[in-house]
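Asker: Residue numbers (the working numbering), protein chains in the order written: chain A, 254 to 404; chain B, 328 to 406.
For every residue, glycine included, the Cβ atom is placed at its ideal position computed from N, Cα and C.
Handing you a structure now.
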Amino acid sequence: MKKYETLFLFPSDLAETAAQKVFEEIKKRITEDFSGTVVFSEWWGKRPLAYRIGSFNTGFYALLQYSFPPEKLKEFDEELRINAKVLRFLSLIAPEGEPLSYAKLVAEEHAFSDEKSAGKRRAKKRPKRIENLKSPQSSLLSDASGNSEND
Amino acid sequence: MTSTTPKTSMAKVNKKCPFCANGEKSVDYKNIGILKQYGITFFSKIKPRKYTGICLSHQKRMATAIKQARFMALVPFVK
Ligand SMILES: [Zn+2]
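Rendered as structure tokens:
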């Protein structure tokens, strides 16, 4: 038995309770049919996806750590791959130490959010850009008009 | 003759690896805050370790962590 960790992504066309039910079924399959044990499980809930997958912009995430017989892992992964109610999953050997809780992850994510870094960039670069761009802009415009006349 | 001082640039300033400083062995792909802080730019490209000061072994772990986070849609491929 080895300790593994899987992050599941369930599609958002399922209701949250239905997605949780699928997650529970997977856990049941691990403990009952594969004689594994669930070490840690956490429901992350609905999260926006970083990019569109199919027609989905949001999804339900869930993290699971479990001990599992290594020789049956291929079979289990194939099962998950076929399962239409699992959008994506990533199985890895569980990292050492306590798993980070989702609340902590979100706190760290907010401490360095996109808006903050974007704000810093703008504050630094904007004044310079406006001065520099003023003269080339007019030349660019005249170039564009020249091209359209040629066409 | 005046002696010429060597040029110093921000890129060559010695920074210490933040993971070695904390005594962390691995980089967790689920910790998006850490990835955004040290690993990726605003446009979600992998930062060269020349600018971040991450050591080579941690940079390799960081690169795989970023790719895993991209696959799970935690971090965009491009923005
Ligand atoms: Zn290091």
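1. Would A:Tyr319 count as contacting chain B if we go by Cβ distances under 7 Å?
2. Run the proximity test for B:Phe370: is its beta-carbon closer than 6 Å to any non-hydrogen atom belonging to ligand 1?
3. Identify which residue in A:Phe263, A:Ser320, A:Val359 and A:Pro352 has its Cα closest to the Cα of A:Glu285.
4. What's the C-alpha gap between B:Thr379 and B:Glu351?
5. Quick one: list the residues of chain B neighbouring A:Glu362, beta-carbon separation under 7 Å, in chain order.
6. Tell me the rounded alpha-carbon separation between A:Leu358 and A:Gly298.
7. Around ligand 1, what residues have a beta-carbon under 7 Å from a heavy atom of it, in chain order?
8. Below 6 Å, is the gap between the Cβ of A:Ala337 and the nearest heavy atom of ligand 2?
9. Among all the DSSP beta bridges, which residues are the ones paired with A:Thr259?
10. Applying the criterion that 16 or more other CB atoms from any shown protein chain within 10 Å of the CB defines a buried residue, is A:Arg334 buried or exposed?
11. Reducing DSSP to helix, strand and coil, say where B:Ser384 ends up.
12. Which residue wins for smallest C-alpha separation from A:Ile318, given the options A:Leu340, A:Phe261, A:Phe342 and A:Phe293?
13. On a Cα-Cα basis, can you pick out the residue from B:Pro345, B:Met389 and B:Pro403 that is closest to A:Pro244?
14. Can you pull the chain A residues whose beta carbon is under 7 Å from the beta carbon of B:Gln364, in chain order?
15. Could you tell me whether the Cβ of A:Leu333 comes closer than 7 Å to any Cβ of chain B?
Answerer: This is what the structure holds:
1. Interface with chain B (7 Å Cβ-Cβ cutoff): A:Tyr319 is excluded.
2. No, the beta carbon of B:Phe370 sits no closer than 6 Å to any heavy atom of ligand 1.
3. Of the candidates A:Phe263, A:Ser320, A:Val359 and A:Pro352, A:Ser320 places its Cα closest to the Cα of A:Glu285.
4. About 16 Å.
5. Simply Ile359 and Gly360.
6. Inter-residue distance for A:Leu358 and A:Gly298 is about 13 Å (C-alpha atoms, whole angstroms).
7. Residues whose Cβ lies closer than 7 Å to any heavy atom of ligand 1, listed in chain order: B:Cys344, B:Phe346, B:Cys347, B:Ile381, B:Cys382, B:Ser384 and B:His385.
8. Ligand 2 is not part of this structure, which contains only ligand 1.
9. Beta-bridge pairing links A:Thr259 to A:Leu317 and A:Ser344.
10. The residue is exposed, with fewer than 16 neighbouring Cβ atoms inside 10 Å.
11. Here DSSP, grouped into helix, strand and coil, assigns B:Ser384 to helix.
12. A small fix is needed here, since residue 318 of chain A is Gln in this sequence, not Ile. Among A:Leu340, A:Phe261, A:Phe342 and A:Phe293, the Cα nearest to that of A:Gln318 belongs to A:Phe293.
13. Any question about residue 244 of chain A goes unanswered here, given that chain A covers just 254 to 404.
14. Under the 7 Å cutoff, chain A gives Phe365.
15. When Cβ-Cβ separations below 7 Å define contact, A:Leu333 makes no contact with chain B.
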